[in-house]
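The structure appears below as structure tokens.
There are 2 protein chains.
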Amino acid sequence: MATNLVTGNVVIGQSGGPTAVINQSLVGVVEGVRFGLQAAGHVKKVLGMRHGVRGLTKGEFLDLTDTHQDVLDRLANTPSAGLGSTRDKPDKAYCERILDACRKHDVRYFFYIGGNDSSDTCRIVREMAVASGYDMRCFHVPKTVDNDLRENDHTPGFPSAARFVAMACMADFLDNISLPGIKINVIMGRHAGFLTAASALARRYDRNLNPNVAAESTDGPQLIYLPEVPFDVDRFLADVDSVYSKKGRCHIAVSEGIQDKDGVAIGARLIKGGQTDSHGNVQLSGSGALGDLLADFVKEKLTPAGGKPPRVRADTFGYIQRCWPDSSIIDRIEARRSGRFAGTLAMQGWLDGSVAIKRPGTGSALWMGSDNGVPYISEYARVELSAVAAKTRHMPEEFMLGHNNVSKQFLEYCLPLVGDLPGFERL
Amino acid sequence: MATNLVTGNVVIGQSGGPTAVINQSLVGVVEGVRFGLQAAGHVKKVLGMRHGVRGLTKGEFLDLTDTHQDVLDRLANTPSAGLGSTRDKPDKAYCERILDACRKHDVRYFFYIGGNDSSDTCRIVREMAVASGYDMRCFHVPKTVDNDLRENDHTPGFPSAARFVAMACMADFLDNISLPGIKINVIMGRHAGFLTAASALARRYDRNLNPNVAAESTDGPQLIYLPEVPFDVDRFLADVDSVYSKKGRCHIAVSEGIQDKDGVAIGARLIKGGQTDSHGNVQLSGSGALGDLLADFVKEKLTPAGGKPPRVRADTFGYIQRCWPDSSIIDRIEARRSGRFAGTLAMQGWLDGSVAIKRPGTGSALWMGSDNGVPYISEYARVELSAVAAKTRHMPEEFMLGHNNVSKQFLEYCLPLVGDLPGFERL
Chain A
5 MATNLVTGNV VIGQSGGPTA VINQSLVGVV EGVRFGLQAA GHVKKVLGMR
55 HGVRGLTKGE FLDLTDTHQD VLDRLANTPS AGLGSTRDKP DKAYCERILD
105 ACRKHDVRYF FYIGGNDSSD TCRIVREMAV ASGYDMRCFH VPKTVDNDLR
155 ENDHTPGFPS AARFVAMACM ADFLDNISLP GIKINVIMGR HAGFLTAASA
205 LARRYDRNLN PNVAAESTDG PQLIYLPEVP FDVDRFLADV DSVYSKKGRC
255 HIAVSEGIQD KDGVAIGARL IKGGQTDSHG NVQLSGSGAL GDLLADFVKE
305 KLTPAGGKPP RVRADTFGYI QRCWPDSSII DRIEARRSGR FAGTLAMQGW
355 LDGSVAIKRP GTGSALWMGS DNGVPYISEY ARVELSAVAA KTRHMPEEFM
405 LGHNNVSKQF LEYCLPLVGD LPGFERL
Chain B
5 MATNLVTGNV VIGQSGGPTA VINQSLVGVV EGVRFGLQAA GHVKKVLGMR
55 HGVRGLTKGE FLDLTDTHQD VLDRLANTPS AGLGSTRDKP DKAYCERILD
105 ACRKHDVRYF FYIGGNDSSD TCRIVREMAV ASGYDMRCFH VPKTVDNDLR
155 ENDHTPGFPS AARFVAMACM ADFLDNISLP GIKINVIMGR HAGFLTAASA
205 LARRYDRNLN PNVAAESTDG PQLIYLPEVP FDVDRFLADV DSVYSKKGRC
255 HIAVSEGIQD KDGVAIGARL IKGGQTDSHG NVQLSGSGAL GDLLADFVKE
305 KLTPAGGKPP RVRADTFGYI QRCWPDSSII DRIEARRSGR FAGTLAMQGW
355 LDGSVAIKRP GTGSALWMGS DNGVPYISEY ARVELSAVAA KTRHMPEEFM
405 LGHNNVSKQF LEYCLPLVGD LPGFERL
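Residue numbers (our numbering), protein chains in the order written: chain A, 5 to 431; chain B, 5 to 431.
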């Protein structure tokens with residue numbers, strides 16, 4: 005057991021877009037601290053930051069020191085960020101204020117649940133604390149539906165959002181074959197295509213659909229467009245035309261973050277009056293503009309001269325995909341354990357670190373078969389904050405197939421994460 | 005037992021927008037026929053129409069006579085219309101072709117699952133059959149997420165869609181309080197506000213929210229706009245301003261079918277390049293245009309002079325709300341039984357009719373308490389086709405409260421239908 009432990013207050017915060025399981029991680033940290041540092045007498049109070057570092061700097065806390073386990077269990081199963089979240093991305097001056105607030109409130113353990121911006125906040129605050137000789141330990145707990153954190157096999161929040169996308173596309177594909185037409189579904193993911201790729205799990209008979217025979221397949225979505233592959237409108241229209249002219253219908257999954265060959269987001273270019281968030285990003289979610297625009301392109305292109313336009317519809321899955329209350333069971337467990345693991349790192353005397361989820365190979369002693377028949381187990385590891393901070397992971401080459409599909413490797417990667425999917429019957 | 009039974013083929017079709025439980029009704033009819041007319045020797049074949057009357061007129065059928073019960077059970081739990089659906093709304097000439105096809109294929113029992121247009125098709129075809137002396141019995145089985153059929157307490161498909169809307173609004177409200185802003189959710193319902201009204205079920209603490217104190221409530225959505233109440237943009241903006249200025253956030257449910265005081269749909273007026281369906285209706289679903297437009301109005305109105313616009317987001321729930329695979333258990337049971345009841349009506353010797361779901365009062369011998377503590381039981385009745393055909397039911401006065409809310413009566417009406425909703429914890 006570590007002997008260098010400091011005694012003081014613990015703060016825990018949640019940051020960025022909420023997910024279906026970010027409260028699992030919050031409760032995991034509370035439990036990890038409670039059964040570790042707190043039991044060992046190193047904790048005065050466990051304080052939840054209201055709306056992340058924004059609340060911290062204002063001294064707005066919720067006292068979680070003695071919160072009953074029953075409340076914690078209900079909270080863990082509640083989607084979205086129970087403490088409130090924030091989109092603030094602290095610069096150096098902001099981080100100074102964070103550190104001042106921590107000093108003022110005798111904070112010695114700082115836990116922050118979020119994406120790569122949150123791990124960057126942890127990193128900066130920790131470096132400032134070290135430089136000023138203040139002993140405060142900083143830990144980052146991973147969270148993002150985009151699944152774009154480095155060092156992680158996948159990130160809590162992604163499996164549940166992927167489950168939603170798979171379920172939505174399964175049901176919507178059946179809708180599409182029932183009333184045939186061209187259907188475009190726009191899915192979250194600013195830079196990384198993992199969540200859009202999960203639409204391929206909706207294919208029940210032919211998940212590993214060959215893009216060269218998409219028009220022959222009985223399964224959908226037939227076309228999948230990721231931000232990692234430069235989006236060419238003419239090629240897109242040719243793809244849709246090819247499937248539609250053969251099948252009389254076409255089911256399409258498009259990432260909100262699709263970009264042209266110069267890296268300019270198609271959506272951002274076109275959304276009139278679009279808002280930018282505090283990170284300087286143009287608003288992609290919370291608008292149907294990209295889907296509607298692509299639908300207009302398709303109608304224009306595929307309407308025969310003097311004829312009737314095809315039935316084209318676009319839906320944007322929107323915010324419900326990140327908070328849908330039917331989370332993946334794997335995700336629930338992993339989000340909770342990630343939080344607990346952060347508490348354990350602190351108890352072990354680590355001074356900082358980011359929790360990462362790793363997937364050992366089938367040769368591992370931890371290997372076990374999953375319900376889907378795909379081998380799956382996960383482990384938790386400490387990685388350096390700087391290895392995760394402010395970096396973005398993309399879909400690896402081997403997860404993509406052609407310019408409009410995903411590979412078998414991706415399906416084997418993703419399928420165990422989402423939990424059991426319903427089995428449907430087609431006549 | 006009726007003695008006037010005719011012997012021949014049975015056809016079953018599905019029509020209109022698919023739902024999560026329309027296959028339950030299909031299987032219910034197959035079972036009702038199988039255990040009734042078929043067992044009694046009055047059925048040669050049970051034929052499913054491919055894409056409703058469109059397939060029927062082309063002689064496109066799926067033979068369901070001997071479909072295994074296991075397949076039927078899986079099919080029943082599969083969302084969307086397993087036989088394929090159609091938007092065709094037959095006129096007299098089309099109905100002649102339907103009758104011709106029925107004669108040609110020796111159809112003696114005609115079952116059609118759908119909304120008020122489908123019951124009208126049943127009515128016309130039946131009248132033509134009578135006029136021409138052809139003995140064919142026509143039965144309509146109710147289906148519509150809009151819940152707008154006359155004579156019915158509610159309609160199969162609505163409870164599951166209402167469940168989706170309630171779950172989505174519960175989760176999205178938590179998202180909204182986590183990252184505060186103004187959030188507009190656009191919900192299906194062209195003429196009837198039942199589905200949008202179901203958003204009120206998302207309120208966990210204060211379901212019967214008083215519109216006069218919406219800005220004080222801890223619960224959302226705080227504002228609900230139905231097609232039954234003339235929509236006034238200025239009043240809407242004043243409502244939003246009032247809630248937002250007090251709480252710093254606002255959660256809003258809007259029906260896609262909101263209309264101005266002259267009965268003109270706000271969405272239809274504004275959607276550029278909007279498509280009309282074969283009923284002459286302007287396309288409202290499958291586009292984010294209405295939500296985006298309202299969001300633009302709000303941004304414009306609520307941006308302080310020279311200041312930063314508020315965070316405004318709009319999501320349109322889209323097609324997944326009608327086919328989401330987590331259906332309401334009540335809906336599953338009732339959709340199945342509605343189908344079976346139609347088979348029973350035929351076996352009893354009725355010549356035509358529409359199945360209606362009734363809810364007896366608490367004084368009924370059938371009364372039982374529901375899981376939600378709200379008394380609930382349903383019964384099935386035969387009503388005349390003409391009582392349902394081509395008519396629309398709207399939210400009754402007593403279900404509405406002010407111009408932007410629903411009443412306690414509506415909540416008591418709707419809550420038992422959707423099944424158990426998850427319990428969430430708020431700190």
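C-beta atoms are modelled at their ideal positions from N, C-alpha and C, and glycine is treated no differently.
- Query: Using DSSP with H/G/I as helix, E/B as strand and the rest coil, what is Lys265 (chain B)?
  - Reply: coil
- Query: For the alpha helix (DSSP H) that Phe321 (chain B) lies in, which residues bound it at each end?
  - Reply: Run containing Phe321 (chain B): none; DSSP gives neither H nor E here.
- Query: Can you find a C-beta in chain B that's less than 8 Å from the C-beta of Tyr380 (chain A)?
  - Reply: no
- Task: Locate the beta strand (DSSP E) running through Ala385 (chain B), then write down its first and last residues.
- Result: 383-387
- Task: Look at the Cβ atom of Tyr380 (chain B), then the Cβ atom of Pro420 (chain B), and state whether they are nearer than 8 Å.
- Result: yes
- Partners in chain B for Arg91 (chain A), counting only beta-carbon separations shorter than 9 Å: Leu183, Arg315
- Residues in the segment 393-423 of chain A with C-beta within 8 Å of chain B's C-beta atoms, listed in sequence order? none
- Query: Who are the near neighbours of Gly197 (chain A) in its chain, counting only those whose CB is closer than 7 Å to its CB and skipping five residues on each side?
  - Reply: Leu230, Pro231, Glu232, Ser259, Met399
- Query: In chain order, which alpha helix (DSSP H) runs of at least 4 residues are fully inside the segment 166-219 of chain B?
  - Reply: 198-201
- Task: Determine the direct distance from the alpha carbon of Leu103 (chain B) to that of Arg127 (chain B), and round the result to whole angstroms.
- Result: 12 Å
- Message: Just to confirm the assignment, what range does the beta strand (DSSP E) spanning Arg154 (chain B) have?
- Response: Element bounds for Arg154 (chain B): n/a, residue is neither H nor E.
- Please find out if some non-hydrogen atom of the ligand NAD comes closer than 7 Å to the beta-carbon of Leu103 (chain B). Of ligands this structure carries none, so the ligand NAD is not represented either.
- Would you mind stating whether Ser342 (chain B) and Val422 (chain B) have Cβ atoms separated by less than 8 Å? no
- Message: Starting from Leu421 (chain B), trace the alpha helix (DSSP H) in both directions and tell me its first and last residue.
- Response: 412-422
- Using DSSP with H/G/I as helix, E/B as strand and the rest coil, what is Gln18 (chain A)? strand
- Report buried or exposed for Val169 (chain B), applying the criterion of at least 16 other Cβ atoms within 10 angstroms of its Cβ. buried
- Cβ pair Gly56 (chain A), Ser19 (chain A) closer than 8 Å: yes
- Task: Report the rounded CA-to-CA distance for Leu165 (chain B) versus Asp176 (chain A), giving the unit in angstroms.
- Result: According to the sequence shown, residue 165 (chain B) is Ala rather than Leu. For Ala165 (chain B) and Asp176 (chain A), the distance between alpha carbons rounds to 14 Å.
- Could you name the residues of chain A that Ala172 (chain B) contacts, counting a contact when the two beta carbons are closer than 8 Å? Ile324, Trp328
- chain B contacts made by the segment 69-86 of chain A, where a contact means CB separation under 8 Å: Val75, Arg78, Leu79, Asn81, Thr82, Pro83, Ser84, Ala85, Gly86
- Message: So with CB distances below 7 Å, who are the chain A contacts of Pro426 (chain B)?
- Response: Pro329
- Item | Under the three-state DSSP convention, the category Tyr380 (chain B) falls into | coil
- Task: Could you list which residues in chain A have their beta carbon closer than 9 Å to that of Pro146 (chain B), in chain order?
- Result: Correct list: empty, because the minimum Cβ distance to chain A is about 18 Å.
- Item | Check whether His255 (chain B) and Gly224 (chain B) have beta carbons under 8 Å apart | yes
- Item | Within chain A, the residues that Asp124 (chain B) reaches when beta carbons sit closer than 9 Å | The premise fails here: Asp124 (chain B) is roughly 19 Å from chain A at the closest Cβ pair, so nothing lies under 9 Å.
- Item | Rounded separation between Gln73 (chain A) and Asp356 (chain B) - CA only | 59 Å
- Message: Counting C-beta neighbours from all protein chains within 10 Å, is the total for Tyr209 (chain A) 16 or more, i.e. buried, or is it exposed?
- Response: exposed
- Kindly confirm or deny that the segment 145-153 of chain A and the segment 45-56 of chain B touch, where touching means at least three C-beta pairs closer than 8 Å. no
- Cβ separation of Phe115 (chain A) and Ile26 (chain A), assumed to be a contact under 8 Å, to the nearest whole Å: Incorrect: roughly 13 Å between the Cβ atoms, too far for contact.
- Determine the contact status of Asp319 (chain A) and Gly295 (chain A), defining contact as a CB-CB distance below 8 Å. yes
- Message: Helix, strand or coil, according to DSSP, for Val50 (chain B) in the structure here?
- Response: strand
- Query: Taking buried to mean at least 16 other C-beta atoms within 10 Å of its own C-beta, is Asp424 (chain B) buried or exposed?
  - Reply: exposed
- Query: Is there a Cβ from chain A that is less than 8 Å from the Cβ of Gly292 (chain B)?
  - Reply: yes
- Query: With a CB to CB cut of under 6 Å and the five nearest residues on each side skipped, what residues in its chain are close to Pro1 (chain B)?
  - Reply: In the structure as shown, chain B begins at 5 and stops at 431. Residue 1 (chain B) is therefore absent and cannot be evaluated.
- Look at Ala80 (chain B) and Val31 (chain B) and say whether their C-beta atoms are less than 8 Å apart. yes
- Chain-ordered chain A contacts of Glu64 (chain B) [CB-CB under 8 Å]: Near Glu64 (chain B) there are no residues of chain A at all, since even the closest Cβ is about 12 Å away, more than 8 Å.
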